[in-house]
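When the letters of the sequence shown are read in order and numbered with full-length UniProt numbering, they come out as residues 1 to 444.
Beta carbons are placed, not taken as given, at the ideal position from N, Cα and C, and that holds for glycine.
Just so it is clear, the structure is predicted and the values come from calculations on it, not from any experiment.
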Amino acid sequence: MSCPSPTELSELNKRIWGRAETDPEIFRRWCQGFYFSSAEPTALIQDGGGPCAILAPVQAVILRDLLFSKKQSLTDLDGGIDSSDLLIGAILDIMVLVKCDSEATNWKWIYWSYADSDQSVIADEPPEPDRFFRGLKTIEADSAEELHGIIMSLATELQSPYAVLCFLYSILFTYGLSALRKSMADETEPLIDPVHGHASQCLINLLITGQVTPYLFDRERTVSGIQLTGIMKQPRTGFLTLFEALHYCESGWYLKNPSYPVWILGSETHLTVLASPDLSLVSKDVYEQGSTATIHQAEVEFSRLSTDQDTNSGFIQCAKLGELLTSLNIPFTDQSLADTLKQLDPENFGVILEEPFLQYFFPGEMANRRLTVQNFQIVHYNGLEKSNLDNQVRYQIGDAHLLDPTEELLEKEPVDQNPIHRCLRTKWPTIRIKWKTGRTPSLN
């Protein structure tokens, strides 16, 4: 056990809070423990605005564990399971994730212990930045098993007022200041907005992908000669955002298609979680070197070469067709390339649209998509009590239906423009949902 280096702690504080002196009001919004709803024993409660960037990713892992490891049904998401074990497992999962893509040689678990004062008295006092920083302690672990043991031994501290912040500092110290400097080299915004207290996309991406990047697109893009790094691999938790429905940005294929059907949903001010027990909603990004790519890789590469770097424009320049085919290991000759261009750009406009490209090279997969009309169940989580019915945090369960084009044309009822439905249509354009309670969940 030791104290964090004052120099490193000072640098990290500036990267987190954006100022040499942490705003006490913003700081207090992030001061809360991990505790569960009495009405929903596996659903975390969020006290106020801010820490959803920590709580939502943790809740996403808890739901993934419940649905796919514990095999719980949506109607029995507590099932007598020890919620503290779920919480510790989720925290460990994220700690392992952030270390995998960092330069760190071991894990650093940060906890708070103010030796000069009675813990029970401190817990009743208003949280203050200076008191928090002075009481921070570090324990290092060489393996995930050792880290698990450390967290278990300090399990009671997970409900303390500083628990969420200690987890945040554990994540960032484990990821490493060196890696953080490289990842945020061109970033002027701190990880937590110093005015409103909301988390940056960099922090959200770190907790769900293990990467510190402000971008949502797949892999890398070059804009005005500058190479930008997006999401480099398929995560286990996805991310859908209302901002895409408002045409401000677009999540790439990786974030829309995580390896498990669990997504963070982003609104203008809050993060919630959506999950489904239906694994057919996602597909593994399996691509062996030297083999022909799948339609999913084709979509990723097409988006990467898209003319519009901010949103997926749905077309590429004809001059990039050879580069696209090469990246997908699709063989071609000069003559076959010229013939393909005639098929895909018959009017000689100089561009190739995505859907005709996919239809030309992946006709079977495209036909299967058109034949698929899916019905599946979903569950939504919002940790703010005020955003839930009767001010009690509960999961909301719904039955989702994906309309085929014919059904959509014949549909007489107006399309629901509620924010959560608009957000989900960025992945499933024809989705329709009936919520069990008759009440549409809030994204805020």
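{"query": "N382, DSSP secondary structure in three states", "result": "coil"}
{"query": "Span of the beta strand (DSSP E), counted from its first residue to its last, around W428", "result": "Taken as a continuous stretch (DSSP letters only), W428 belongs to no beta strand (DSSP E), as it is neither H nor E."}
{"query": "Close-in-space but distant-in-sequence residues of the same chain around D118 (CB under 6 angstroms, 5 per side omitted)", "result": "Confidence at D118 is low in this model, with a pLDDT of 46, below 50, so its placement is unreliable and the value that follows should be read with caution. None."}
{"query": "As assigned by DSSP and simplified to three states, the class of L328", "result": "coil"}
{"query": "Contact between the segment 82-97 and the segment 48-63 (3+ Cβ pairs under 8 angstroms)", "result": "yes"}
{"query": "Whole-angstrom C-beta distance between I295 and F362, which should lie under 8 angstroms", "result": "4 angstroms"}
{"query": "Outcome for P419 when other beta-carbon atoms lying within 10 angstroms are tallied against a minimum of 16", "result": "buried"}
{"query": "Segments assigned alpha helix (DSSP H), at least 4 residues, entirely inside the segment 208-280", "result": "242-245, 253-256"}
{"query": "P161 burial status per 10 Å Cβ neighbour count (16 or more: buried)", "result": "buried"}
{"query": "P261, buried or exposed, once every other Cβ within 10 Å from all chains shown has been counted against 16", "result": "buried"}
{"query": "Spatial distance of L403 from S276 (CA atoms)", "result": "18 angstroms"}
{"query": "Status (buried if at least 16 other CB within 10 Å, exposed otherwise) for S120", "result": "Reliability fails at S120, whose pLDDT of 48 lies under 50, so the model's placement of it is uncertain and no value is given."}
{"query": "Exposed unless 16 or more other CB atoms sit within 10 angstroms - verdict on E299", "result": "buried"}
{"query": "Same chain only: Cβ atoms within 6 angstroms of L424, ignoring 5 sequence neighbours per side", "result": "I431"}
{"query": "W17 in three-state terms, based on DSSP", "result": "helix"}
{"query": "A293 (DSSP reduced to helix, strand or coil)", "result": "coil"}
{"query": "C-alpha distance - E355 paired with G314, whole-angstrom precision", "result": "8 angstroms"}
{"query": "Other residues of its chain near S5: CB distance less than 8 angstroms, five sequence neighbours each side excluded", "result": "none"}
{"query": "Exposed unless 16 or more other CB atoms sit within 10 angstroms - verdict on I231", "result": "buried"}
{"query": "Which of helix, strand or coil DSSP assigns to V195", "result": "coil"}
{"query": "Y35, DSSP secondary structure in three states", "result": "coil"}
{"query": "Validate contact between the segment 379-393 and the segment 45-55 using beta carbons, cut 8 angstroms, 3 pairs", "result": "yes"}
{"query": "Contact check, residue 498 vs F173, beta carbons under 9 angstroms", "result": "Coverage of the chain is limited to positions 1 through 444, which leaves residue 498 absent and any answer about it impossible."}
{"query": "Of the residues H421, E146, I208, the one placed nearest A56, counting alpha carbons only", "result": "I208"}
{"query": "Burial state of P429, where buried means 16 or more other Cβ atoms lie within 10 Å", "result": "exposed"}
{"query": "Assigned secondary structure, K99 (DSSP; H/G/I helix, E/B strand, else coil)", "result": "helix"}
{"query": "Cβ contact check for the segment 23-36 and the segment 141-152: 3 or more pairs under 8 angstroms", "result": "no"}
{"query": "Nearest to Y169 (by Cα), restricted to the options K427, S10, A338, V415", "result": "S10"}
{"query": "DSSP-derived helix/strand/coil call for K320", "result": "helix"}
{"query": "Backbone secondary structure at I110 - three-state DSSP", "result": "strand"}
{"query": "Under the three-state DSSP convention, the category L77 falls into", "result": "coil"}
{"query": "Residues bridged to T138 [DSSP beta-bridge criterion]", "result": "S2, I110"}
{"query": "Sub-9 angstroms separation of I192 and L177 beta-carbons", "result": "no"}
{"query": "Exposed unless 16 or more other CB atoms sit within 10 angstroms - verdict on A400", "result": "buried"}
{"query": "Own chain, CB closer than 7 angstroms to C52, minus 5 neighbours either side, in chain order", "result": "Q46, H270, L271, G383"}
{"query": "Residue nearest to residue 502 in terms of C-alpha spacing, selected from P414, S442, K99", "result": "The structure shown does not extend to residue 502, since the chain spans only 1 to 444, so no value can be given for it."}
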